Amino acid sequence: MFKKLLSIYENSILFLNQPENPSDEFFTLFNDAENEWISIPKTDVSEKELKLLKTIFKLVEVETSANHSTSNGWNQFLLLNGPLPSYPSEEASIRLIQFHMSSDDANQIEMESALKGFFTEDVLIIWENGSRGIVIEEKTQISLSEEELISMSETLESDFYVKISFYIGKLHPFSLELREKFRQEQEYFSFGIINLGNPHILTFERVFPAFLAHHLPEELKQKVNQEVIELFQDDPEMFATVKIFLENNLNASLTAKRLYIHRNTLQYRIDKFCEKTGIGLKDFHGAFTVFLACLLFEQKRS
């Protein structure tokens, strides 16, 4: 197939192995069927032709020397205690989105290309290891909502056959303090992956209640309503119902849908819980106390 392209683009170069340092003046394409690479001068390819080529072959993203230098600067700063990297705007606000893949077998070049397809080409991506990395976004570049990130995670999972989780960081000023903010978010992300079932999306709000419950002194844990915990021990179905009901903001329709039960069945279980414990879940303080008990019970079980 690529030999035909050689006759069309006479200045192109065919490779039997992936080129180690492809020029950013070329479009480098990979033919999976024949395990070949070809580099075609960008000046020889129209926008329409490139669009067609990308539907047939995989475009290999080439990191320019400028991008490499910028990525390396961020890597040194965030992961290796290096100096603050140079940045066009010192007043910028930065959001760091961490991601974790269930396997380190995924091709990093292909994964980066896919991620940039969902975000914008201007975002920077640095890798901590073979399965974990960071998307660096400036405030002006932010384009994906939490719902869109969930959809992206599901798409990447089906395309790369790996489960991928994201931690959506907060917007932080571009300053030396950004590294400490990142390390705190990194700690929350690691905790969430281990303790919260490795969900598609994690945020501070989703992780911190469980993080707080986990780090409570033992004497305080013992003071949480033991009657509720004993009820959960005797009736695991009740535990699942109450926790999902609270996680869905007391929305009966969403909770019933997630549990695959009728709304009447859900209401019966909620009424039964309130009757046995004397705690109303529609009261903020009651809901808070019960949710804390749910987290402690869950952690005790695991």
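Plus 57 on top of the position in the sequence shown (first one is 1) and you've got this note's numbering.
For each residue, glycine too, the CB sits at the ideal point set by N, CA and C.
Just so you know, these numbers come straight off a predicted model, no measurement behind them.
Residue burial is scored here from C-beta neighbours: Q243 has at least 16 other C-beta atoms within 10 angstroms and is therefore classed as buried. Short of 8 Å from the beta carbon of S359, and not among the five residues preceding or following it, lie these beta carbons of its own chain, in chain order: N252. For E284, there is no enclosing beta strand (DSSP E); the enclosing alpha helix (DSSP H) has its first and last residue at 283 to 291.
In the three-state DSSP reduction, Y325 falls in the helix class (H, G or I).
Rounded to whole angstroms, the gap between the alpha carbons of T346 and A270 is 11 Å. Here the segment 94 to 104 lies against the segment 66 to 75, with 3 or more beta-carbon pairs under 8 Å apart. Counting only runs of 4 or more residues that sit fully inside the segment 151 to 230, the alpha helix (DSSP H) segments are 165 to 175, 203 to 217, in chain order.
Cα atoms of I286 and W131: separation of roughly 46 Å, rounded to the nearest angstrom. Relative to F341, the option among N321, I327, L307 whose CA is nearest is L307.
Only residues of its own chain outside the window of five on either side were considered, and among them L213, D216, F217 have a CB closer than 8 Å to the CB of A171, listed in chain order.
Around C351, the same chain offers K300 as residues with beta carbons nearer than 6 Å, after the five sequence neighbours per side are excluded.
Taking 7 Å as the cut-off, the Cβ atoms of V192 and I207 do not count as close. The count of Cβ pairs closer than 8 Å, one atom from the segment 142 to 157 and one from the segment 217 to 235, reaches three, so the stretches are in contact. For L73, no beta strand (DSSP E) segment is defined, and its DSSP state is neither H nor E. Here T312 is near N305, since their CB atoms are less than 7 Å apart.
K339 and Q324 have their C-alpha atoms roughly 13 Å apart.
Take the alpha-carbon of S143 and the one of Q165: they are about 25 Å apart. For F175, same chain residues with a beta-carbon under 7 Å away, outside a window of 5 residues either side, are L201, M209 in chain order. Here the C-alpha atom of S310 lies approximately 10 Å from the C-alpha atom of L316.
Assignment of K280 by DSSP, reduced to helix, strand and coil, places it in the coil class. Of the other Cβ atoms in all chains shown, fewer than 16 fall within 10 Å of the Cβ of E203; this residue is therefore exposed. Counting along the chain, V117 sits inside the beta strand (DSSP E) bounded by residues 115 to 117. Between the segment 325 to 335 and the segment 258 to 272 there are fewer than three C-beta pairs closer than 8 Å, too few to call the two in contact. Per the coordinates, the alpha-carbon of V281 lies some 13 Å from the alpha-carbon of K357.
Here DSSP, grouped into helix, strand and coil, assigns T260 to coil. When secondary structure is reduced to three states using DSSP, S247 falls in the helix class.
Secondary structure note for I97: its beta strand (DSSP E) is the uninterrupted segment 93 to 98.
Of all alpha-carbon atoms in I97, Q75, L233, S160, the one lying nearest the alpha-carbon of R189 is that of S160.
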